[in-house]
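Have a look at the structure below before the remarks.
In the UniProt record's numbering, the protein residues as written are 1 to 317.
Structure (structure tokens):
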């Protein structure tokens, strides 16, 4: 078990460092390109930190384990809201701007409901995958519209928080950070999986917990680093955007490559938890004035995630 432990520790160290470089590169690129940090969080950062989920989904679909790909997409969304946002809010409470409540979060709700419609018949085929891909294209179009309609004062306020970096340097750290994020997350997943197997944990629990948590580590690292630097728009936008990518892109992969039939438990337990946490996030953001995700609410999200893990454990022991 020595090598898996070394991989786990090394992966964590590289992940933390590369997340810091990635956030600096993303924020610098946003400023040089005239884009708001929220848009960068919803697109570049979200797609980049969803790379591990996409990789796992492709590997699973091409090896006849498409249900693992779907479980990873849903499990990662659950981890993103319960674990990533929960921990990030405990470190630095996240203010929620009005346009996030009116635009990005409702869009996430719509995409999550679309996923329910796709999974309702417990079959994920090519038509379902095409529908999900079209929804992703629609989301990217709407993100661009949101950017154009942003108020000038809000954009200037966000730009003031971003460090000055030459465009070439910003792009270098964006690409280098993204590459190291993906590589270190895979190293972590391998180490954690090997340790779990040596301890006799079932494959199902590994897929829904360790793999999902492992592929959500880039979101966690990037969101925490963003929050600590004061870029709360990137932290929240990263989670919202990543969840949209997980449903519209990651979950579409098995449908495109190898259509599958799903077990009923995927719909009521895993999708049900995904929808429930998405609704809970919306409710928590609306609860306070001004809207924010406070430390108490971060603890509540973590408790909800712990409850999901307990349900998985009870059902598989």
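Just so it is clear, CB atoms sit at the ideal spot from N, CA and C, and this is done for glycine as well. Please read these numbers as outputs of a predicted model, since none were measured by experiment.
Query                                                                                                                                                     : Result
Going by the CB atoms, is the gap between residue 94 and residue 282 shorter than 8 Å?                                                                    : no
Cβ of residue 29 within 8 Å of Cβ of residue 197?                                                                                                         : no
Can you tell me whether residue 31 is helix, strand or coil according to DSSP?                                                                            : helix
Rounded to a whole number of angstroms, what is the C-alpha to C-alpha distance between residue 79 and residue 4?                                         : 23 Å
DSSP three-state call for residue 353: helix, strand or coil?                                                                                             : Nothing in the structure corresponds to residue 353, since the chain is present only between 1 and 317.
If you draw a straight line from the C-alpha of residue 62 to the C-alpha of residue 68, how long is it?                                                  : 11 Å
Under a Cβ-count criterion, where at least 16 other Cβ atoms within 10 Å of its own Cβ denotes burial, should residue 82 be classed as buried or exposed? : buried
Is the stretch 308-315 touching the stretch 203-217 in the sense that three or more CB pairs, one from each, lie closer than 8 Å?                         : yes
Excluding five sequence neighbours on each side, which residues of the same chain lie with their C-beta closer than 6 Å to the C-beta of residue 299?     : none
Could you give the residue range of the alpha helix (DSSP H) that holds residue 220?                                                                      : 212-228
Across which residues does DSSP place residue 124 in a beta bridge pair?                                                                                  : 260
Which residue's Cα is closest to the Cα of residue 187: 116, 106, 11, 122?                                                                                : 11
Per DSSP, what kind of secondary structure is residue 166 in: helix, strand or coil?                                                                      : coil
Taking Cβ positions, are residue 71 and residue 270 nearer each other than 8 Å?                                                                           : yes
Alpha carbon to alpha carbon, how far is residue 23 from residue 264? Give it in angstroms, no decimals.                                                  : 39 Å
How close, in whole Å, do the beta carbons of residue 96 and residue 225 come, if the pair is a contact with beta carbons under 8 Å?                      : At roughly 19 Å, the Cβ-Cβ gap does not stay under 8 Å, so residue 96 and residue 225 are not in contact.
According to DSSP, which residues form a beta bridge with residue 94?                                                                                     : 293
Around the Cβ of residue 105, are there at least 16 other Cβ atoms within 10 angstroms (buried) or fewer (exposed)?                                       : buried
Can you check whether the CB of residue 136 is closer than 8 Å to the CB of residue 248?                                                                  : yes
Give the straight-line distance between the Cα atoms of residue 275 and residue 34, rounded to the nearest whole angstrom.                                : 34 Å
If distances are taken between C-alpha atoms only, which option among 252, 297, 295, 262 comes closest to residue 73?                                     : 252
Measure the C-alpha to C-alpha separation of residue 127 and residue 143 and round it to an integer number of angstroms.                                  : 24 Å
Go ahead and pull the three-state DSSP assignment for residue 315.                                                                                        : helix
If you check the beta carbons only, do residue 57 and residue 216 fall under 8 Å apart?                                                                   : no
So what's residue 59 in DSSP terms, helix, strand or just coil?                                                                                           : helix
Just checking, does the stretch 177-194 make contact with the stretch 235-243 on the three C-beta pairs under 8 Å criterion?                              : no
Taking 7 Å as the limit between beta carbons, can you name the residues of its chain near residue 184, skipping five residues before and five after?      : 11, 14, 15, 18
Within 10 Å of its beta-carbon, does residue 308 have 16 or more other beta-carbons around it, so buried, or fewer, so exposed?                           : buried
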